[in-house]
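Engineer: Take this structure first; my questions come after.
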Amino acid sequence: MAGKEKNKNKVSYAKWGYIFLVPFFVIYIIFSLIPLISTFYNSLFENYRSGLTQIGPTFVGLQNFVTIFQSDLPKYFGNTLILWVLGFIPQITISLLLAIWFTDLKLRLKATGFFKTVIYLPNVIMAASFAMLFFALFSDEGPINDLLISMGILGVPFRFMSSVWGTRGLIGLMNFMMWFGNTTIMLMAAIMGVDKALFEAAEIDGAKSFQIFTKITIPTIKPIFIYVLITSLVGGLQMFDVPQVLTNGKGTPDRTSTTLIMFLNNHLYSKNYGMAGALSVILFIVTGILSLIVFSTLTGGFQHKKKAGEKK
Amino acid sequence: MKREKGDERLSLFIRRAIAYLVLSILTFLCLFFFYCLLVNSTRSHPEISKGFSFIPGKSFFSNLKNVLQNENLPVLHGIWNSFFIATVSAVSSVYIATLTAYGIYAYDFKMKKAAYMFILMVMMIPTQVTTLGFIQVITKMKLLDTFVPLVTYKMVNPVVFYFMISYMESNLALEIVESSRIDGAGEFRTFNQIVMPIMKPAVAVELIFTFVESWNNYFMPSLVIKTATKKTLPILIAQLRSADFLKFDMGQVYMLVFIAIIPVAIVYLCLSKFIIRGVTEGSVKG
C-alpha cells in the first residue's frame, strides 16, 4: 500500500526493470531453454543412423533409458567417479592443509602471495593443451621416463598410456593440479570469514592447534566444505577435455577412462540423438539433485549464522 | 613455564618447516611441467628424441616458424579464431550479465524475485546437458560451422550475473542513480556512463575469467566447427593428438602447446593479484 502511494507521486521505473532483463531472457530462451526442452523431447524417440539408413525418429517412450542403462553407462559412470575421486582426495586434503596454514596467525608464513599465484596457475591453463603436454611428457620414450631411467628409479620405461591406473592416475593428477589452488582460496575465504575473536578466545583458553581445528575451524566451514564437495562432484561429472585429449577420445586402455561426457560426445558425433537425449536427461537429473543439496546446505548455513548473530 | 614456551617455539618451528616443505614440493610440481614445456619448445626434434635435458636449446624460432607454416594445421587461423571468439564472448556476456544484475538490483517490479530465483536455479545446469538441443536449434538456424553459436551459448552466464549483483549490493549506492536521474539522464545512459564505471573492478575480473573460459573451451567448438580455417586452438591440439604421433615433429607439438598456454599464463601472472581477489570475493558470497 505504501508503495502504491509513493508511485502516485513518482515516475514508475518498473518497466525499466523488464527492459534490462530482455536481452538475458531472450538469449536464454533461444539458446538454452528451447535446447533443454528439445533434448528432453529427443530422449523419447528412437533416432539414429545405421550405416547410410536413418532409423526413426519413432516415439518409443522411455525405451531409450532402459537401453542406455543396459549399455556401458554403468561402466562409464564408475569411470567418471573413480577419476573424480582420484583427483578430489588429494585436492581437498592439500587445500584444507594449505588454507589452515595460510590463515594461521601464529605461523606467519612468508611469500603467501607468491605461493597462491603459483598454485592457482594450472587452473587458467587450457585443459586440452595440458593433457597434450602430459601425453608428450609421459609417453613411452618421453622426458619423464627418460628422467626416471637416468635417475635409476626405473629399469625400463613405464608405459603410462597402456596401464589402466597409469592413465587414470595421470588424469587424477591433472585434475588435482588444476583445482587444488581454487579450492584452497575458497576454503581460505571461508576460514577468514570466521570471527577472529573465536580463535583468540580459544588460544587464551589454552586450546591446541589440533583442537582449534576440530572444534572451531571444521564446524564453521562445514557449509563451504559441502559446497566445495558437491560443486566439485558436479564438475567431475562434466569431465571431458583431459581424458578426451589424453586418450584421443578412446578412453584407453579398454575404455577404462571413458567418462560420461565422452560417451555423450560419441553419441552426438554418430548422431544417435535418442541415446544422447536420454544420457543428457540422466545427467540433468543427477546434477539437479546435487545442486538442491548444495542449495539447502548453504541456506541452512546462513540461517545458522543468523541465529548465532541474534544470540550476540 | 619457561620450558613450555620453549617447547611451543620448537613445535611452531617444526610446523613452519613442514609447511614450507609442502609448499615447495607443490610449487615444484606446478612449475616443473611448464619448465619442461619451455625447454622442449626451444629444442629441435632430433634433440628432443635424444633424451631430456634441463638446458634450453636454440630452436625456438625454427619450431615457431615450422608450426606456423604447417599446411595441415592452420595455426595462425586458430590463434585468431580463438582470440576473436573469446573477446566477443567475454565482452558480450559480461555486459549482458551486468545489465541483468542492474535491472534486478536497481528497479522494483513484480517479477523481480521470480527472475532472480530463476537465474539462480539455472546456474547449475551444465551446458553439456543442453548440447543436443543446442546443435539442433543452430542447425535449423543455419548457424552450424559459424562462430555465432560459440559466442551465444555462453552469452548469458548466470555465474557472472551472480558475481555482478553481489558486487552491486556492496558497492553501488542507489542515491547515485537517483541523482543522475535528477540531472535528466535516461536509464540506459545512467547505466552506461554512471554504473559501468563504478563496476569497473568487477567487470575487469569477469572479463578475464570469461575470456579464459572461452579460449580454453574444447567441447562445444569441436561439435560446431567443421571447416579447417575456422578451427580454434583446442581443436587443433586435439587434432595433433589424433595424428600419427611418432611421425610428428615433437618440436612443433611442444610449440603448439606453448602457443595455447603461455600467453594466457603471462597475462595471468601480470594480473594474478586481481584474479585471486576475484576468486576470493566470488567464493565468500557464493
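The listed protein sequences correspond, in order, to chains A and B. 1 is the number of the first residue of the first sequence in this note's numbering; add one for each residue after it. 1001 is the number of the first residue of the second sequence in this note's numbering; add one for each residue after it. Ideal Cβ positions, reconstructed from N, Cα and C, are used throughout, including at glycine.
(1) Could you check if Val26 (chain A) is buried or exposed, using at least 16 other CB atoms within 10 Å of its CB as the buried criterion?
(2) Ignoring anything shorter than 3 residues or poking outside the segment 1236 to 1265 of chain B, list the beta strand (DSSP E) runs there in chain order.
(3) Quick check: is the beta carbon of Ser1059 (chain B) nearer than 8 Å to any beta carbon in chain A?
(4) Taking 6 Å as the limit between beta carbons, can you name the residues of its chain near Thr220 (chain A), skipping five residues before and five after?
(5) Can you find a CB in chain A that lies within less than 8 Å of the CB of Ile1198 (chain B)?
(6) When the Cα atoms are used, what is the spatial distance from Thr58 (chain A) to Lys250 (chain A)?
(7) Of all the alpha helix (DSSP H) runs that stay within the bounds of the segment 42 to 93 of chain A, which reach a length of 4 or more residues?
(8) Rank A:Leu283, A:Gly288 and A:Ile204 by C-alpha distance to the C-alpha of Val1132 (chain B) and give the top, closest one.
(9) Provide the residue span of the alpha helix (DSSP H) that contains Glu1178 (chain B), from first to last.
(10) Contact criterion: CB-CB distance below 8 Å. Does Ser1242 (chain B) meet it with respect to chain A?
(11) Would you say Ile1079 (chain B) faces chain A, with C-beta separation under 8 Å as the test?
(12) For Thr1042 (chain B), which three-state DSSP category applies?
(13) Which same chain residues, not among the five before or five after Pro1126 (chain B), have their C-beta less than 6 Å away from its C-beta?
(14) Once DSSP output is grouped into helix, strand and coil, what is the label at Met1111 (chain B)?
(15) Say whether chain A places a C-beta atom closer than 8 Å to the C-beta of Leu1076 (chain B).
(16) For Cys1270 (chain B) and Ser209 (chain A), what's the separation of their Cα atoms in angstroms?
(17) Against chain B, does Pro143 (chain A) count as a neighbour if the rule is that its beta carbon must be under 8 Å from one of theirs?
(18) Report yes or no: is there a C-beta of chain B within less than 8 Å of the C-beta of Leu62 (chain A)?
(19) Closest Cβ-Cβ distance between Ser1214 (chain B) and chain A: below 8 Å?
(20) With 16 other CB atoms within 10 Å as the buried threshold, where does Ala1114 (chain B) fall?
(21) Tell me, please, whether the CB atom of Ala308 (chain A) is closer than 8 Å to any CB atom in chain B?
(22) According to DSSP, is Asn1063 (chain B) helix, strand or coil?
(23) Check whether chain A comes within 8 Å of Cys1270 (chain B), counting only Cβ atoms and requiring the distance to be less than that.
(24) If we count the other Cβ atoms within 10 Å of its Cβ and call it buried at 16 or more, is Gly277 (chain A) buried or exposed?
(25) Pull up the distance between the alpha-carbon of Arg255 (chain A) and that of Asn42 (chain A), whole angstroms please.
(26) Is there a Cβ of chain A sitting closer than 8 Å to that of Pro1263 (chain B), yes or no?
(27) Flag this pair as yes or no: are the beta carbons of Ile1104 (chain B) and Ile1165 (chain B) separated by less than 8 Å?
Structural biologist: Well, looking at it:
(1) exposed
(2) none
(3) no
(4) Val194
(5) no
(6) 30 Å
(7) 63 to 70
(8) Inspection of the sequence shows that residue 1132 (chain B) is occupied by Leu rather than by Val. Ranking A:Leu283, A:Gly288 and A:Ile204 by Cα distance to Leu1132 (chain B) puts A:Leu283 first.
(9) Leu1174 to Ile1182
(10) yes
(11) no
(12) coil
(13) none
(14) coil
(15) no
(16) 36 Å
(17) yes
(18) no
(19) no
(20) exposed
(21) Reliability of the predicted coordinates at Ala308 (chain A) is poor, the pLDDT of 42 falling under 50, and the value obtained from them is presented with this limitation in mind. Taking Cβ atoms only, chain B never reaches closer than 8 Å to Ala308 (chain A), which makes this a no.
(22) helix
(23) no
(24) buried
(25) 26 Å
(26) no
(27) yes
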